[in-house]
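Undergrad: Mapped onto this note's numbering, the consecutive letters of the sequence shown carry residue numbers 206 to 471. Each residue gets a CB set at the ideal place from its N, CA and C atoms; glycine is no exception. Could you have a look at this structure, given as structure tokens, before my questions?
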Amino acid sequence: MSDALSVLDDLRSESEELDRLVAELAQERWALATPAPGWTVAHQIAHLAWTDRAALLAATDPGAFAAEGEKAAAAPGSFVDEGAEEGAALPPDELLAGWRSGRDRLWRALSEAPAGARLPWYGPPMAVPSMATARLMETWAHGQDVADALGVPRTPTDRLRHVARIGVRTRDFAFAVRGLGAPGEEFRVELTSPVTGEVWAYGPQDARQRVTGPALDFCLLVTQRAHRTDLALRAEGPDADRWLSLAQAFAGPPGAGREPRAGAGR
Numbered sequence: 206m207s208d209a210l211s212v213l214d215d216l217r218s219e220s221e222e223l224d225r226l227v228a229e230l231a232q233e234r235w236a237l238a239t240p241a242p243g244w245t246v247a248h249q250i251a252h253l254a255w256t257d258r259a260a261l262l263a264a265t266d267p268g269a270f271a272a273e274g275e276k277a278a279a280a281p282g283s284f285v286d287e288g289a290e291e292g293a294a295l296p297p298d299e300l301l302a303g304w305r306s307g308r309d310r311l312w313r314a315l316s317e318a319p320a321g322a323r324l325p326w327y328g329p330p331m332a333v334p335s336m337a338t339a340r341l342m343e344t345w346a347h348g349q350d351v352a353d354a355l356g357v358p359r360t361p362t363d364r365l366r367h368v369a370r371i372g373v374r375t376r377d378f379a380f381a382v383r384g385l386g387a388p389g390e391e392f393r394v395e396l397t398s399p400v401t402g403e404v405w406a407y408g409p410q411d412a413r414q415r416v417t418g419p420a421l422d423f424c425l426l427v428t429q430r431a432h433r434t435d436l437a438l439r440a441e442g443p444d445a446d447r448w449l450s451l452a453q454a455f456a457g458p459p460g461a462g463r464e465p466r467a468g469a470g471r
């Protein structure tokens with residue numbers, strides 16, 4: 206379980222960093238609009254709390270999670286927004302307390318899960334390290350929305366390696382969710398750490414199709430927190446180039462992504 210414990214520790218650190226952004230917010234600032242249309246800061250935290258509760262059910266009560274999964278399947282276009290709306294209607298102190306309690310309970314449940322356990326989810330079942338990685342990815346991505354709303358710059362950390370890894374592993378899903386066939390060959394992905402300058406490499410070294418650039422930019426891309434034209438990512442090969450236009454690390458239907466900034470490109 207060493208891999209799970211490592212990502213769980215990083216998940217806790219990522220959650221605590223976001224917690225520090227919102228812990229002392231005045232009540233009116235919870236209503237600030239974030240880059241996600243229709244979502245305020247409160248919606249972002251409510252969504253994380255809602256998803257943590259779903260993950261906790263998956264880890265502790267698969268039968269109850271299956272019932273929730275049926276509700277999601279019946280309303281695929283609205284169940285996420287409905288969960289966020291319900292939580293965002295709570296007083297901020299109640300919302301914050303619920304998010305803290307829920308994520309702590311989830312952390313304990315995942316840390317105590319037996320080795321090799323596979324947890325049900327809205328797509329294929331997930332191993333514990335994968336579930337923890339997915340929660341970290343979402344926490345980081347929604348934390349970016351909160352930081353953008355508050356006008357607060359964030360210092361990137363090497364916890365991004367988890368986001369980058371899930372972004373690479375969901376390549377074929379990003380094609381499939383759009384009804385497209387997956388590329389027939391593996392890609393080489395080389396990303397530069399924002400902290401050490403180390404290159405995080407994935408895929409065969411001799412692959413003909415490649416993606417290279419800053420790890421932060423790749424993570425912003427696969428979580429759809431920035432438009433491709435605003436990022437310093439380079440693709441070699443037609444399929445790799447197409448991937449960068451539809452990459453998606455999160456479950457569910459294709460996201461709308463972000464519009465390019467004025468004067469796109471850097």
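Exposed or buried, G356, counting other C-beta atoms within 10 Å across all chains shown (16 or more means buried)?
TA: Along the sequence shown, read from residue 1 onward, the residue named residue 356 stands at position 151. Per the 10 Å Cβ criterion, exposed.
Undergrad: Locate the beta strand (DSSP E) running through T265, then write down its first and last residues.
TA: One-based indexing of the sequence shown puts residue 265 at position 60. Unbroken run through T265 is the alpha helix (DSSP H), V246 to T265; no beta strand (DSSP E).
Undergrad: Since G348 and E222 should fall inside the 8 Å C-beta cutoff, what is the C-beta to C-beta distance between them, to a whole number of angstroms?
TA: Translated into the one-based positions of the sequence shown, residue 348 becomes position 143. Translated into the one-based positions of the sequence shown, residue 222 becomes position 17. Between E222 and G348 the Cβ distance is about 7 Å, and since that is below 8 Å, they are a contact.
Undergrad: For my contact list, A318 and A264 are in at a C-beta cut-off of 8 Å; report their separation, rounded to the angstrom.
TA: Against the sequence shown, residue 318 aligns to sequence position 113. Against the sequence shown, residue 264 aligns to sequence position 59. Contact holds; Cβ gap of about 6 Å.
Undergrad: Excluding sequence positions up to five away, which residues of its chain have a Cβ less than 8 Å from the Cβ of E390?
TA: In the sequence shown, the residue the question calls residue 390 occupies position 185. Cβ neighbours of E390 beyond the five flanking positions: A412, R413, Q414 and D444.
Undergrad: In three-state DSSP terms, what is P419?
TA: Taking the sequence shown and counting its residues from 1, one reaches residue 419 at position 214. P419: strand per DSSP, three-state reduction.
Undergrad: The alpha helix (DSSP H) spanning V373 covers which residue range?
TA: The residue given as residue 373 occupies position 168 in the sequence shown. Unbroken alpha helix (DSSP H) run through V373: L365 to R374.
Undergrad: Based on Cα-Cα distance, which residue from L385, V227 and V400 lies nearest to D298?
TA: Your numbering for residue 298 matches position 93 in the sequence shown. The shortest C-alpha separation from D298 is found at V227.
Undergrad: Only counting the same chain, and skipping five residues up and downstream in sequence, which positions put a Cβ closer than 8 Å to that of V212?
TA: The residue you call residue 212 lines up with position 7 of the sequence shown. These residues qualify, in order along the chain: P334, A337, T338, L341 and H367.
Undergrad: Measuring alpha carbon to alpha carbon, tell me which of S283, L324, L365 and F284 ends up nearest E343.
TA: Your numbering for residue 343 matches position 138 in the sequence shown. That would be L365, whose Cα lies nearest to the Cα of E343.
Undergrad: Just verifying my parser: in three-state terms, what is the DSSP assignment at T401?
TA: As a first step, residue 401 is located in the sequence shown; it is residue number 196 there, counting from the start. DSSP places T401 in coil when its eight states are reduced to three.
Undergrad: With DSSP as the reference, please indicate the residues paired to V394 in a beta bridge.
TA: Translated into the one-based positions of the sequence shown, residue 394 becomes position 189. Paired residues: Y407 and V416.
Undergrad: Could you give the distance in angstroms between the alpha-carbon of D224 and the alpha-carbon of T239?
TA: Here residue 224 corresponds to residue number 19 of the sequence shown, with the count starting at 1. Here residue 239 corresponds to residue number 34 of the sequence shown, with the count starting at 1. Their Cα atoms are separated by approximately 16 Å.
Undergrad: From the DSSP output, in three-state form, read off S220 for me.
TA: The residue you call residue 220 lines up with position 15 of the sequence shown. Helix.
Undergrad: Going by DSSP, what residue range makes up the beta strand (DSSP E) through E441?
TA: Residue 441 sits at position 236 when you count from the first residue of the sequence shown. From DSSP, the beta strand (DSSP E) with E441 extends over R439 to E441.
Undergrad: On the DSSP bridge list, what partners appear for R323?
TA: Along the sequence shown, read from residue 1 onward, the residue named residue 323 stands at position 118. Bridge partners of R323: A332.
Undergrad: Output the distance between the C-alpha atoms of G292 and G243, rounded to the nearest integer angstrom.
TA: Walking along the sequence shown from the start, residue 292 turns up at place 87. Walking along the sequence shown from the start, residue 243 turns up at place 38. Cα to Cα, the separation comes out at about 14 Å.
Undergrad: Could you give the distance in angstroms between the alpha-carbon of A469 and the alpha-carbon of L436?
TA: Locating residue 469 in the sequence shown gives position 264, counting from the first residue. Locating residue 436 in the sequence shown gives position 231, counting from the first residue. In this predicted model, A469 has a pLDDT of only 44, less than 50, meaning its place in the structure is not dependable enough to derive any value.
Undergrad: Could you tell me the alpha carbon to alpha carbon distance between A269 and L301, rounded to whole angstroms?
TA: On the sequence shown, position 64 is the one that residue 269 refers to. On the sequence shown, position 96 is the one that residue 301 refers to. Going by the C-alpha atoms only, they are around 24 Å apart.
Undergrad: Would you kindly work out how many angstroms separate the C-alpha atoms of T245 and Q410, rounded to a whole number?
TA: Numbered from its first residue, the sequence shown carries residue 245 at position 40. Numbered from its first residue, the sequence shown carries residue 410 at position 205. If you take the alpha carbons of T245 and Q410, they lie about 43 Å apart.
Undergrad: Note down the Cα distance separating V404 from D446, rounded to an integer number of angstroms.
TA: Here residue 404 is taken as the residue at index 199 of the sequence shown, counted from 1. Here residue 446 is taken as the residue at index 241 of the sequence shown, counted from 1. Cα to Cα, the separation comes out at about 20 Å.
Undergrad: Rounding to the nearest angstrom, what Cα-Cα distance links S306 and L253 in this structure?
TA: Counted from its first residue, the sequence shown places residue 306 at position 101. Counted from its first residue, the sequence shown places residue 253 at position 48. Their backbone Cα atoms lie some 12 Å apart in a straight line.
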